[in-house]
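Asker: Numbering-wise, the sequence shown is residues 59 to 342 according to the numbering used here.
Note that the Cβ used here is the ideal one computed from N, Cα and C, for glycine as well.
Here the structure is a predicted model, which is why all the values come from computation and not from measurement.
What follows is a structure written as structure tokens; I'll ask about it next.
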Amino acid sequence: MNLLLDDIRPDITRTVATALQEDVGTGDITAMLIDENKTDTATIITREDCVVCGVAWLNETFAQLGGLDEINWHVEDGQAVKANTPLVTLSGNTRILLTGERTAMNFLQLLSGIATKAAAYAKLVEGTPTKILDTRKTIPGLRTAQKYAVACGGCHNHRIGLFDAFLIKENHIAACGGIAEAVAKARQIAPGKLVEVEAETLDELQQALNAGVDVVMLDNFTTEMYEQTQKIEKTAKYEVSGNVTLEKVKQLGGLNVDYISTGDLTKNCVAVDLSMRIDKNMTV
């Protein structure tokens with residue numbers, strides 16, 4: 059299930075507060091050069107094509123700084139826009155505008171970058187039953203924000219953390235004494251939780267299926283191994299994983315898999331180029 063804004067409101071408040079503390083600290087001394095009662099209007103535009111994400115984070119940034127007179131969004135999360143599109147117009151106290159500028163745009167450019175990459179991945183599996191999933195390879199403290207951005211771009215969220223599903227990997231298997239033992243213990247600990255097992259070989263795939271798992275992660279399988287999976291009775295969903303890139307997704311076309319997961323969505327982030335400019339004709 060993909061994260062929704064209502065799911066992560068407390069996280070938005072927390073991450074914005076942390077970001078403002080690290081940037082503003084004891085106070086924005088440069089903003090103090092400006093009359094405290096001065097007001098202005100500013101517009102943020104994108105310098106490149108992108109999928110927008112981060113509306114709530116920008117709104118929260120200025121709210122925590124004391125609020126603006128008006129925040130007028132021209133776009134919404136998940137919307138694809140062209141370069142030079144105005145995203146939002148901000149009106150209010152000039153000190154607040156300039157103090158919040160960098161923090162607000164850091165969130166907006168990062169999350170829009172993730173949503174834009176997610177849209178590129180989603181396009182490659184459009185019209186197929188395969189879903190692209192994110193991973194836990196996220197920036198510490200920004201996991202829910204990044205996963206929300208992935209969903210805005212049209213991809214899907216894997217488990218949020220270590221608490222909401224079992225993902226039994228090679229070290230868990232070794233420590234438990236085998237796949238069957240690990241799966242049996244998982245069913246005992248939390249009967250209602252999804253159980254996924256990582257398989258690095260065809261034998262491990264068969265063991266996982268025999269143990270009655272919900273999902274098998276096919277980790278770094280070769281083309282020949284993928285072909286061999288077609289000969290095995292499929293009693294669980296399959297997830298392809300391991301060094302997945304846009305190019306690899308193109309090569310995986312036609313495989314009988316339910317999911318393709320990739321850390322590329324959230325760990326290789328390229329921010330969108332944004333710009334905020336005060337409208338000099340409206341300066342008060």
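1) Starting from the C-beta of residue 161, find all residues in its chain whose C-beta is less than 6 Å away, skip the five residues before and the five after it, and write them out in chain order.
2) Looking at the unbroken alpha helix (DSSP H) that takes in residue 82, where does it start and where does it end?
3) With distances taken from CA atoms, which of 308, 171, 265 is nearest residue 238?
4) Look at residue 171 and residue 123 and say whether their C-beta atoms are less than 8 Å apart.
5) Going residue by residue through the segment 133–207, where are the continuous alpha helix (DSSP H) segments of at least 4 residues, counting only ones entirely within it?
6) Helix, strand or coil for residue 303 per DSSP?
7) Could you check which residue in 203, 218, 245 has the C-alpha nearest to that of residue 211?
8) Can you look up residue 275 in the DSSP assignment and give me helix, strand or coil?
9) How many Å lie between residue 165 and residue 223 at the Cα?
10) To the nearest angstrom, how far is the alpha carbon of residue 307 from that of residue 290?
11) Residues in the same chain with beta-carbon distance under 8 Å from residue 143, minus the five sequence neighbours each way, listed in chain order, please.
12) Kindly list the residues whose CB is nearer than 8 Å to the CB of residue 86, restricted to its own chain and excluding five residues on each side of it in sequence; keep chain order.
13) I need the DSSP call for residue 224, collapsed to helix, strand or coil.
14) Bridge partners for residue 298 per DSSP, in chain order?
15) With DSSP as the reference, label residue 255 as helix, strand or coil.
16) Quick one: using the 10 Å Cβ neighbour count with 16 as the cut-off for buried, is residue 74 buried or exposed?
17) In angstroms, rounded to a whole number, what distance separates the CA positions of residue 189 and residue 214?
18) Do residue 256 and residue 285 come within 8 Å of each other at the CB atom, strictly closer than that value?
19) Which of the three DSSP states is assigned to residue 334 in this structure?
20) Is the number of C-beta pairs between the segment 235–249 and the segment 170–185 that are closer than 8 Å three or more?
21) Would the beta-carbon of residue 297 fall within 8 Å of that of residue 333?
22) Which residues in the same chain as residue 325 place their Cβ atom closer than 6 Å to its Cβ, once the five residues preceding and following it in sequence are excluded?
23) How close, in whole Å, do the beta carbons of residue 299 and residue 331 come, if the pair is a contact with beta carbons under 8 Å?
24) Within 10 Å of its beta-carbon, does residue 207 have 16 or more other beta-carbons around it, so buried, or fewer, so exposed?
25) Residue 32 bridges to which residues according to DSSP?
26) Have a look at 127, 167, 168, 141 and flag the residue whose alpha-carbon is nearest the alpha-carbon of residue 148.
27) Which residue from 97, 115, 317, 279 puts its Cα closest to that of residue 186?
28) Whose CA, out of 71, 98, 116, lies closest to the CA of residue 338?
Answerer: Inspection of the coordinates gives the following:
1) 77, 78, 81, 119.
2) In the DSSP assignment, residue 82 falls within the unbroken alpha helix (DSSP H) covering 67–82.
3) Taking the Cα of residue 238 as reference, the smallest distance to any Cα among 308, 171, 265 is reached at 265.
4) No, the pair does not count as a contact, with Cβ atoms beyond the cut-off.
5) 152–182, all fully within the segment 133–207.
6) Of the three classes helix, strand and coil, the one that applies to residue 303 here is coil, per DSSP.
7) Of the candidates 203, 218, 245, the one whose C-alpha sits nearest the C-alpha of residue 211 is 203.
8) If DSSP states are grouped into helix, strand and coil, residue 275 belongs with the strands.
9) Going from the Cα of residue 165 to the Cα of residue 223 covers about 28 Å.
10) Rounded to whole angstroms, residue 307 to residue 290 spans 22 Å at the Cα level.
11) The residues are 103, 104, 132, 133.
12) Excluding sequence positions up to five before and after residue 86, its CB lies within less than 8 Å of the CB of 153, 156, 157, all in the same chain and listed in chain order.
13) In this structure, residue 224 counts as strand in the three-state DSSP scheme.
14) Checking the DSSP bridge columns, you'll see residue 298 partnered with 276, 318.
15) It is a strand residue.
16) Buried is the call here.
17) Roughly 7 Å between the two C-alpha positions.
18) Against a cut-off of 8 Å, the Cβ pair of residue 256 and residue 285 comes out as no contact.
19) If DSSP states are grouped into helix, strand and coil, residue 334 belongs with the strands.
20) In this structure the segment 235–249 does not touch the segment 170–185; the number of beta carbon pairs closer than 8 Å is below three.
21) No, they are not a contact pair.
22) Residues of the same chain with a CB within less than 6 Å of the CB of residue 325, apart from the 5 flanking positions on each side, are 195 in chain order.
23) Residue 299 to residue 331, Cβ: 31 Å. No contact.
24) Using a 10 angstroms sphere on the CB of residue 207, the tally of other CB atoms reaches 16 or more, which defines it as buried.
25) Nothing about residue 32 can be reported from this structure: the residues present for the chain run from 59 to 342 only.
26) Considering only alpha carbons, the answer is 127.
27) Nearest option by C-alpha distance: 317.
28) Taking each of 71, 98, 116 in turn and checking the Cα distance to residue 338, the smallest one comes out for 98.
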